[in-house]
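Numbering (the working numbering), first residue to last: 3 to 618.
What follows is the structure, given as structure tokens:
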């Protein structure tokens with residue numbers, strides 16, 4: 003009887019938690035325990051994964067990241083087969099230690115322990131555990147009950163501190179299930195169960211924002227220097243003091259700055275020249291050393307070595323500006339393709355990048371110091387429209403970077419098509435890109451080969467078959483926030499004969515693709531607007547006449563607008579189209595209206611066409 007019970011329990015463990023094996027892998031157990039003891043933090047992690055299919059084997063590759071000075075203890079791992087039998091235990095010789103050096107890095111203080119646990123009969127479970135000890139820390143816990151966007155059946159966070167230990171607490175979609183006292187310490191527990199993966203949907207918010215989250219931040223800390231998280235001002239003061247004494251420019255670099263700004267008198271022009279000097283002589287490379295990657299290398303280091311990471315290049319730029327008599331401020335930001343809002347009520351290290359802010363008597367100048375190609379004062383999609391920490395000696399505060407506006411993202415396309423009697427068409431295209439496509443094509447122009455660039459150019463020309471005669475990418479000047487693509491091509495597919503009619507193909511606008519409301523659960527987030535304009539001129543032979551012009555149409559919604567108009571004169575037709583979408587978050591009824599407009603626009607793009615016919 004006892005053996006039957008054991009078999010039933012093992013079978014239940016595997017089969018009932020596998021969600022019918024719909025997932026390649028799932029989290030059976032994910033327990034985290036954080037203990038603050040004096041000035042040290044010990045974090046223990048205990049995980050059980052169930053791998054259901056061969057496609058899930060890579061989840062058995064375990065990465066344990068750590069930094070120089072962190073202590074990792076007691077790494078253990080094993081595999082249990084579907085019958086509950088332990089079939090493998092991890093050996094110490096199977097654990098590799100690697101530098102966590104990224105492609106852009108010269109050297110770092112970050113490392114990773116890595117090993118793989120793999121079996122060839124499915125399902126199987128991987129169990130692993132380890133612990134860290136930190137002597138310096140800015141965060142006690144930043145916990146989600148899942149990782150890798152896997153379903154999690156059971157997860158817990160336990161935090162143990164002394165009764166007098168002061169901390170800041172942030173809870174999202176989860177609250178403490180227990181608070182108790184053990185051996186004089188306060189023990190807090192959070193539990194979560196049956197946490198579903200965040201759906202993979204287009205234009206969705208950052209996935210981590212969608213999960214339950216617990217963050218615990220010490221009010222007072224030592225991280226190199228003593229600091230406080232009681233307010234953003236206090237945290238900014240700590241960062242300012244951490245950076246003090248690092249603005250030392252060597253004499254040879256001061257001479258270079260003198261030469262660069264020799265005949266400039268205005269603040270903006272001096273700053274522009276110094277920024278161009280930075281772009282031309284320094285390069286970005288990840289150098290993550292020092293106190294957790296939060297302390298910049300000195301300006302003298304960058305001046306001598308001609309490289310630095312975002313912190314070092316920003317610090318160098320500020321030192322050069324200071325030498326030129328221009329005050330500026332170190333500014334911390336969470337950069338990336340998605341705008342991730344700060345948790346404003348939780349002063350803490352929520353940033354991954356730094357930029358320079360020059361107040362300039364209200365005419366604020368923002369400088370991205372890691373880009374060799376950005377126009378002066380251009381932030382772009384990477385850091386626009388988000389709250390940042392403006393660091394100053396005694397008045398650090400949250401401010402906001404400017405949002406990209408409609409003119410900032412406008413894409414203007416001009417097409418001239420010469421149609422011959424046999425349908426072969428010569429097409430000249432001019433496209434002025436701004437915003438994200440400006441950034442993409444500027445990088446292509448400077449970093450990719452001509453052949454690689456042409457691959458992207460061809461993707462921009464939405465025709466099934468054509469011969470590309472020539473093309474060019476060109477910026478007007480280095481501080482221009484637009485780039486021009488010109489192309490000349492021939493095709494037999496621009497005009498197609500259907501019976502007695504000749505249908506002229508649209509070159510479609512770039513309309514977002516997204517899920518129908520019934521299939522979507524997350525808000526649709528557009529972090530900057532869409533603005534496209536097109537002017538198409540179609541010239542045709544004298545023996546053709548217009549059969550049907552595109553209808554004049556206007557589609558408006560709260561989200562944006564689509565317009566098309568056309569007119570014919572002689573053997574020429576002009577068609578004008580525009581499409582705009584406001585930035586914002588669209589969910590619920592708002593998303594339904596947004597999607598309805600998208601569907602109407604796509605239908606019009608496909609159906610509202612110019613047709614020609616032979617003259618009688």
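From the three backbone atoms N, C-alpha and C, an ideal C-beta is built for every residue, glycine too.
Since the structure is predicted, the reported quantities are computational estimates derived from the model, not experimental observations.
Rounded distance between the beta-carbons of residue 532 and residue 583, thought under 8 Å: 4 Å
With 16 other Cβ atoms within 10 Å as the buried cut-off, status of residue 605: exposed
Can you give me the C-alpha to C-alpha distance between residue 51 and residue 453, rounded to a whole angstrom? 45 Å
Option nearest residue 274 by Cα separation, candidates 481, 338, 409: 481
Pair every Cβ in the region 121-138 with every Cβ in the region 34-48, then say whether three or more of these pairs are closer than 8 Å. yes
How about residue 400 and residue 506: are their beta carbons less than 7 Å apart? no
Leaving out the 5 sequence neighbours to the left and right, which residues in its chain are closer than 7 Å to residue 508 when beta-carbon positions are compared? 607, 611
Which residue or residues does DSSP assign as beta-bridge partners of residue 197? 154
Spatial neighbours of residue 23 in its chain, beta-carbon cut-off 6 Å, leaving aside the 5 residues before and after: Low confidence applies to residue 23: its pLDDT is 43, below 50, so where it sits in the model is not reliable enough to give any reading.
In chain order, what residues of the same chain lie with their CB nearer than 7 Å to the CB of residue 265, ignoring the 5 residues before and after it? none
What does the alpha-carbon distance come out to for the pair residue 389 and residue 402? 4 Å
Taking the alpha-carbon positions, what's the residue 387 to residue 370 distance? 14 Å
Measuring alpha carbon to alpha carbon, tell me which of 183, 203, 222, 155 ends up nearest residue 197. 155
Leaving out the 5 sequence neighbours to the left and right, which residues in its chain are closer than 7 Å to residue 542 when beta-carbon positions are compared? 421, 573, 614
Is the beta carbon of residue 36 sitting closer than 7 Å to the one on residue 143? yes
Compare the C-alpha of residue 313 against each of 301, 322, 178 and name the closest. 301
Following the continuous beta strand (DSSP E) through residue 460, name the residue where it begins and the one where it ends. Looking at the DSSP string, residue 460 is not in any beta strand (DSSP E); the run it does join, the alpha helix (DSSP H), is 452-462.
In its own chain, which residues sit with a C-beta less than 7 Å from the C-beta of residue 423, not counting the 5 before and 5 after it? 543, 545
Within the region 395-442, ranges of the alpha helix (DSSP H) (whole runs, at least 4 residues): 408-411
For a minimum of 3 consecutive residues, which ranges assigned as the beta strand (DSSP E) are wholly contained in the region 202-286? 215-220, 222-225, 227-230
If residue 73 and residue 152 are in contact, beta carbons under 8 Å, what's the gap, nearest whole angstrom? 28 Å between Cβ atoms; not a contact.
Mapping the DSSP letters down to three states, classify residue 167 as helix, strand or coil. coil
Limits of the beta strand (DSSP E) - the one that residue 27 falls within: 27-39
Going by CA-CA distance only, name the one from 83, 90, 191 that's closest to residue 33. 191
Bridge partners of residue 183, per DSSP? 188
The region 59-69 contacting the region 82-90, beta-carbon criterion three pairs below 8 Å: no
Would you be able to state if there are at least three C-beta pairs under 8 Å between the region 327-338 and the region 277-289? no
Identify which residue in 550, 567, 348 has its Cα closest to the Cα of residue 616. 550
Counting pairs of beta carbons, one from the region 225-237 and one from the region 193-209, are three or more of them closer than 8 Å? no
Could you check how far apart the C-beta atoms of residue 428 and residue 488 are, in whole angstroms? I think they sit under 8 Å. Actually they do not touch by this definition, with Cβ atoms about 14 Å apart.
For residue 539 and residue 255, I'd like the C-alpha separation in whole angstroms. 54 Å
Note down the Cα distance separating residue 41 from residue 219, rounded to an integer number of angstroms. 14 Å
So the candidates are 169, 139, 120, 174; which of them puts its Cα closest to the Cα of residue 145? 174
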